[in-house]
Structures are given as structure tokens and as C-alpha cells.
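Beneath this line is the structure, given in C-alpha cells, with notes to follow.
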Amino acid sequence: MTTRTFRFSALVVAAIIAANTATARPLEEILNSGVLRACVPTANPPDGEVIPEGCTGYCQYEGIIGDLVETFADSIDVTPEYYVQSWDSLFHNADGETVKDASYTPRAMEAEQCDMIGAVMVPLEWRLKKMDMECFLPSRMMVVTHRDRVGDFSGPEDLAGLSVAVERSMYLHDWVEDQNAGIWSDNPATIHFRDYKDTIPAVDQKDVDFTVVSVLDALYQTRHVSKNSVAAFAVGDTNTGCWGYRKGDTEMGDLIKSFFEGQTAEPNSDLNAVWQAYYGMRFSEFVRLVSSIQ
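This is the structure in C-alpha cells:
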């Protein structure tokens with residue numbers, strides 16, 4: 000990582016502490032401990048890579064998710080500690096299940112295994128029953144197909160009755176379920192649940208007809224990793240990626256908001272440096288790119 004150029008002053012941090020009453024691990028305790036606990040999902044490069052492979056719980060974690068969390072942690076002079084779970088496990092209740100209609104604190108937050116969730120999440124209604132979110136990253140969903148079939152598909156209506164790979168409980172899964180209940184109701188797609196890192200490879204190997212991924216992963220995977228897959232078209236509205244934190248923890252929410260506002264406004268910030276390293280463009284340039292996708 001680069002030398003950190005953007006720091007919160009002690010006065011800013013102190014003001015946030017004084018202005019809020021936390022219901023999670025207080026910011027003062029995080030600062031005194033010198034450690035920020037971040038829950039992160041097993042994911043595909045460049046989002047995240049768990050070290051050693053297959054590790055869950057407290058593990059080493061590399062990739063852009065890890066670098067963003069590290070940049071955030073460095074800005075308040077603490078060290079990130081990564082707690083790795085499956086994507087679905089980020090939302091588990093005390094019984095180890097994700098219940099979308101229920102309001103509860105995910106068990107990893109309840110157990111103080113994480114002060115925040117460093118996964119970039121869309122603020123779906125069912126997720127907001129379980130945590131608060133601070134949003135910063137515009138995104139689109141992209142349908143990815145095998146290059147041999149890209150001419151067969153021009154829009155969502157062409158995907159009815161086909162097979163799709165998605166990871167359970169991701170917003171991409173929600174989108175497929177919505178289509179199965181809507182425009183594909185007479186001929187629903189067959190869902191194959193895969194780890195997110197395996198969804199584009201499933202298309203590459205023709206195990207499924209298509210997958211749905213974020214524009215970031217579509218850009219990276221189809222240019223640098225996959226051999227046979229291409230981004231066919233965008234679906235859904237522009238959405239926003241967010242970090243999650245325990246409900247009522249306004250200290251953490253204010254800190255995340257201040258961090259991203261300051262980093263985005265500074266052309267030479269660490270956020271822009273991270274984005275440049277992974278995607279060849281500044282964060283602000285990426286925002287303009289996403290806004291232009293039709």
C-alpha cells in the first residue's frame with residue numbers, strides 16, 4: 000500500500016466520539032485497542048483473497064476489499080483485522096440462518112467479531128432490517144455469457160429458461176429471483192448456487208448459460224482472468240455499494256461517511272490510488288464510467 004496521505008485529525012475523531020452514543024464496540028475502544036475488526040466475505044480476485052486458502056474466521060485477506068478497509072483503518076491509525084465468512088454468513092442470525100423478513104443483529108456483529116462489514120453491499124430492504132449502511136460506490140449489474148453465445152442475448156427477456164450461477168444471498172441472487180417471479184415466471188431460470196469467485200468460471204466452462212456480476216468484477220474478470228466470457232449487457236438500475244455496521248452505531252457511520260467524502264474530494268487520496276492500481280482509473284473516473292453505462 001502507499002504511504003497514507005489522508006488522515007482524520009484527532010479533533011475530528013474526538014468530536015465524533017463525543018457526539019454519539021454507540022451500541023456496538025465504541026469508537027474510543029477501537030482506537031485504544033489499535034485494531035479495527037472487519038467482517039469480509041470469501042470472494043474472487045481482485046475483490047478478496049483469503050490467506051491461507053480456505054481459511055475462515057480471523058485470517059489474512061488481500062485484494063481491493065482488503066485494501067479499502069486497510070486504507071480506512073490507516074486513516075484513524077489502527078490496524079485492520081479480517082474476519083472471513085461466506086457471503087450468506089454475513090447475515091446469519093444466532094441459529095446460523097439468514098432470515099430475510101426478520102429484524103436482528105447478525106451474530107458476528109453481536110459477538111463483536113466485526114466492528115463493520117467491509118464487503119461492498121447493496122442496501123436491500125431485508126439487509127437494512129439487520130444493520131445500518133453507509134453508501135459510497137455506484138454500480139450496475141452486468142450479465143456475463145460465454146463468447147460463443149453473446150449474439151443470442153440482447154436483454155433480460157432472452158434469459159428465460161436458461162441456467163444461471165449466483166451466490167446465495169447476494170443482491171445478484173435477489174435480481175434473478177425477481178425475474179423468475181416476473182418476466183420469467185412462465186419459464187424460470189434454473190439457479191445454480193456457486194461461490195461468487197466460481198460464477199464466471201462456470202460460464203467460461205459452459206456449466207451454466209450466464210451469470211450476473213457487478214460491473215467491477217465484469218471489467219476485471221473478462222479482461223484479465225476469464226478466457227471465454229464476455230459482458231453482454233447491463234441490467235437493473237444503477238445501485239450503490241455500501242459498508243455495513245451495527246444498527247445505531249452512528250460513530251462508525253459518521254466515520255465511514257467522513258472518510259469517503261474526504262478521499263473522493265482529494266485527487267491524490269489513497270482511495271484514488273487504490274482504484275488506479277486495480278482498474279487503471281481514479282475512483283472519480285469510475286463513477287463517471289458507471290453513470291454512462293446504458
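When the letters of the sequence shown are read in order and numbered with numbering that gives the first Met the number 0, they come out as residues 0 to 293.
All C-beta atoms in this analysis are idealised placements derived from N, C-alpha and C, irrespective of residue type, glycine included.
- Task: Evaluate the contact criterion for the segment 89-101 versus the segment 56-70: three or more CB pairs, one atom per stretch, below 8 Å.
- Result: Short answer: they don't touch.
- Inspect the CB distances between the segment 244-260 and the segment 162-171 and report whether three or more fall short of 8 Å. Contact between the segment 244-260 and the segment 162-171 is absent, with fewer than three C-beta pairs closer than 8 Å.
- So is Arg126 buried or exposed if we call it buried at 16+ other beta carbons inside 10 Å? Residue environment analysis places Arg126 among the buried positions, since at least 16 neighbouring C-beta atoms fall within 10 angstroms of its C-beta.
- Does DSSP put Phe192 in a helix, in a strand, or in coil? Of the three classes helix, strand and coil, the one that applies to Phe192 here is strand, per DSSP.
- Cβ pair count under 8 Å reaching 3, the segment 224-244 against the segment 191-208: The segment 224-244 makes contact with the segment 191-208: 3 or more CB pairs, one atom from each, lie closer than 8 Å.
- Query: Exposed or buried, Tyr219, counting other C-beta atoms within 10 Å across all chains shown (16 or more means buried)?
  - Reply: With 16 or more other Cβ atoms inside 10 Å of its own Cβ, Tyr219 counts as buried.
- Query: Which two residues bound the contiguous beta strand (DSSP E) that contains Ser162?
  - Reply: The continuous beta strand (DSSP E) containing Ser162 extends over residues Ser162 to Val165.
- What separation, rounded to the nearest whole angstrom, lies between the Cα atoms of Pro105 and Phe90? Rounded to whole angstroms, Pro105 to Phe90 spans 5 Å at the Cα level.
- Query: Using DSSP with H/G/I as helix, E/B as strand and the rest coil, what is Val39?
  - Reply: Here Val39 carries a strand assignment [DSSP, helix/strand/coil].
- 8 Å Cβ shell around Ile50 - same chain, five flanking residues per side excluded: Excluding sequence positions up to five before and after Ile50, its CB lies within less than 8 Å of the CB of Cys58, Gln59, Tyr60 and Glu61, all in the same chain and listed in chain order.
- Item | DSSP-derived helix/strand/coil call for Ile116 | Under the three-state reduction of DSSP, Ile116 is assigned to strand.
- Task: Whole angstroms is fine: what's the gap from Met130's alpha carbon to Pro25's?
- Result: For Met130 and Pro25, the distance between alpha carbons rounds to 16 Å.
- Closest to Leu35 by CA distance: which of Asp66, Glu111, Glu80 and Met108 is it? When the alpha-carbon of Leu35 is set against those of Asp66, Glu111, Glu80 and Met108, the nearest one is in Glu80.
- Determine the closest residue to Leu158 out of Phe135, Phe259 and Phe209, with distance taken between C-alpha atoms. Minimum Cα distance to Leu158 is reached at Phe209.
- Message: In the DSSP output, which residue or residues are listed as bridge partners for His145?
- Response: BP columns for His145 point to Ser228.
- If you follow the beta strand (DSSP E) that Phe52 is part of, which residue opens it and which one closes it? Note on residue identity: the sequence assigns Glu, not Phe, to residue 52. Unbroken run through Glu52: none, as it is neither H nor E.
- Message: Quick check: Gly235 and Trp183, are their CB atoms within less than 8 Å of each other?
- Response: Going by C-beta atoms, Gly235 is not nearer than 8 Å to Trp183.
- Same chain only: Cβ atoms within 6 Å of Phe294, ignoring 5 sequence neighbours per side: As shown, the chain starts at 0 and ends at 293. That puts residue 294 outside it, with no answer to give.
- Query: Grouping DSSP H, G and I as helix and E and B as strand, with all else coil, what is Glu124?
  - Reply: If DSSP states are grouped into helix, strand and coil, Glu124 belongs with the helices.
- Report the option in Gln84, Asp151 and Asp73 whose CA atom is closest to the CA atom of Gln112. Put simply, of Gln84, Asp151 and Asp73 the residue whose alpha carbon is nearest the alpha carbon of Gln112 is Gln84.
- Query: What residues match up with Gly240 in a beta bridge as DSSP calls it?
  - Reply: Gly240 is bridged to Leu136.
- Message: Taking the alpha carbon of His172 as the reference point, which residue from Glu156, Tyr277 and Arg193 has its own alpha carbon closest?
- Response: The closest CA to that of His172, considering only Glu156, Tyr277 and Arg193, is found on Arg193.
- Query: For the candidate residues Glu27, Asn271, Thr221 and Val224, whose alpha-carbon lies nearest to that of Val77?
  - Reply: Taking Val77 as reference, the option from Glu27, Asn271, Thr221 and Val224 with the minimal CA-CA separation is Glu27.
- Query: In three-state DSSP terms, what is Thr22?
  - Reply: At Thr22 the pLDDT is 47, less than 50, meaning the model places this residue with poor confidence; the figure from the coordinates comes in the next sentence. In the structure shown, Thr22 falls within a coil segment according to DSSP collapsed to helix, strand and coil.
- When Asp46, Ala72 and Gly47 are compared against Gly33, the one with the closest alpha-carbon: Of the candidates Asp46, Ala72 and Gly47, the one whose C-alpha sits nearest the C-alpha of Gly33 is Ala72.
- Quick one: Cα of Glu48 to Cα of Asp147, how far? In this structure, the CA atom of Glu48 is about 30 Å from the CA atom of Asp147.
- Message: Does Thr97 come out as helix, strand or coil in the three-state DSSP assignment?
- Response: Judged by DSSP in its simplified three-state form, Thr97 adopts coil rather than helix or strand.
- Item | Tyr278 - DSSP class collapsed to helix/strand/coil | Taken through DSSP and simplified to helix, strand or coil, Tyr278 comes out as helix.
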